[in-house]
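In my numbering, the protein residues as written are 13 to 232. In this text, a Cβ means the ideal position worked out from N, Cα and C, and glycines have one as well. Right, one structure below, let's go through it.
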Amino acid sequence: MSKTIVAPSVLSADFGNLQRDIELLNSSEAEWIHIDVMDGVFVPNISFGIPVMKTVGKHSTKFNDVHLMIVQPEKYVQQFRDAGAHLITVHYEAVVHLDSAIHLIKSTGAKVGVALNPATPVSVLKDVIQLLDLVLIMSVNPGFGGQKFIPYATRKVAEAKALILGSGSSAKIEVDGGVSIQNAKELVDAGADVLVAGNAVFGSANPLQMIIEIKNASTK
Ligand code: DX5
Ligand code: ZN
Numbered sequence: 013m014s015k016t017i018v019a020p021s022v023l024s025a026d027f028g029n030l031q032r033d034i035e036l037l038n039s040s041e042a043e044w045i046h047i048d049v050m051d052g053v054f055v056p057n058i059s060f061g062i063p064v065m066k067t068v069g070k071h072s073t074k075f076n077d078v079h080l081m082i083v084q085p086e087k088y089v090q091q092f093r094d095a096g097a098h099l100i101t102v103h104y105e106a107v108v109h110l111d112s113a114i115h116l117i118k119s120t121g122a123k124v125g126v127a128l129n130p131a132t133p134v135s136v137l138k139d140v141i142q143l144l145d146l147v148l149i150m151s152v153n154p155g156f157g158g159q160k161f162i163p164y165a166t167r168k169v170a171e172a173k174a175l176i177l178g179s180g181s182s183a184k185i186e187v188d189g190g191v192s193i194q195n196a197k198e199l200v201d202a203g204a205d206v207l208v209a210g211n212a213v214f215g216s217a218n219p220l221q222m223i224i225e226i227k228n229a230s231t232k
């Protein structure tokens, strides 16, 4: 069985030492770096935008996984791609013309993901699942790091897995919010391929070791 991908979120990094924290992740067992962009409109918090993305893109040697929690994400897709995004995920709830947005992201050469808020059912992706590289299941209401995991997200991961298997899609499943060594195994058992971890990694005394522990816990 292939190992779980861990995607530490730079939302929990030290922005005064962003280059240092990105270099720490470069030296880690994490394959992806998760980049949370918030606009204060789609979610009740503002994180950062393209200038910070440029810094991440400049220093990261990992796969840059950009999670856009913004309205009208189509307006910024090319700029995030140019700044180093390898995968761009938009929210189902934030996009009016999802099929167009998916094709726009693909046209930049980036991989494409769609994120679902906790209360949005997996079934809304039925008609686009074959176009996707990633389904992102939110396991908190987006907006802040360090929130408590919502348990029914695990069932949604299983539903996403069934949808993917039933359609022949090769999309990966990512889980975002409140992920830790406590729930890593149940999520991977349900079908998760990528675990985002912000607080668990950067709140740990030893982030490099915590990344390894999350991976190990997920496949025990
Ligand atoms: C929440 C963000 C998450 C968040 C995860 O809106 O999308 O990526 O940073 O952080 P933790 O792991 O701290 O819940
Ligand atoms: Zn995220």
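Residue i CB to nearest heavy atom of the ligand ZN below 7 Å
i	result
D145	no
H103	no
D48	yes
V208	yes
D6	Outside the displayed range of the chain (13 to 232) lies residue 6, so it cannot be described from this structure.
D139	no
D188	yes
Proximity test, Cβ basis, 8 Å: residue i and chain D
i	result
L128	As a matter of chain content, chain D is missing from the structure shown, which is built from one protein chain.
Exposure of residue i, with buried meaning 16 or more beta-carbon neighbours within 10 Å
i	result
G254	Outside the shown range of the chain (13 to 232) lies residue 254, about which nothing can therefore be said.
M138	It is worth fixing the name first, because residue 138 is Lys in this sequence and not Met. Result: exposed.
H109	exposed
D111	exposed
S230	buried
I58	exposed
S182	exposed
R167	exposed
K227	buried
D26	exposed
D201	exposed
I62	exposed
R93	buried
S24	buried
Any non-hydrogen atom of the ligand DX5 within 7 Å of residue i CB
i	result
L23	yes
G61	no
V7	Residue 7 lies beyond the stretch modelled for the chain, which goes from 13 to 232, so this question has no answer here.
H79	yes
N196	The sequence given here has Ala at residue 196, not Asn. No, Cβ of A196 sits at least 7 Å from all heavy atoms of the ligand DX5.
V53	no
A212	yes
G125	no
H91	Residue identity check: residue 91 is Gln in the sequence provided, not His. Checking every heavy atom of the ligand DX5 against the Cβ of Q91, none is found closer than 7 Å.
V191	yes
G28	no
F156	yes
Q159	yes
For residue j and residue i, believed in contact at Cβ under 8 Å, the rounded distance
i	j	result
K74	N29	17 Å between Cβ atoms; not a contact.
A122	H98	6 Å
F54	A106	5 Å
S21	D48	6 Å
Y104	V136	6 Å
G189	V152	3 Å
I114	V140	6 Å
P154	N195	Between N195 and P154 the Cβ distance is about 18 Å, and since that is not below 8 Å, they are no contact.
A95	M65	4 Å
E186	L148	5 Å
Worksheet item: Which ranges would you report for the alpha helix (DSSP H) in the region 73-151 if only whole runs of at least 4 residues count?
Response: 89-94, 110-119
Item to complete: Could you tell me which uninterrupted beta strand (DSSP E) segments, each at least 3 residues in length, are contained entirely in the region 169-228, listed from first to last along the chain?
Response: 184-188, 206-209
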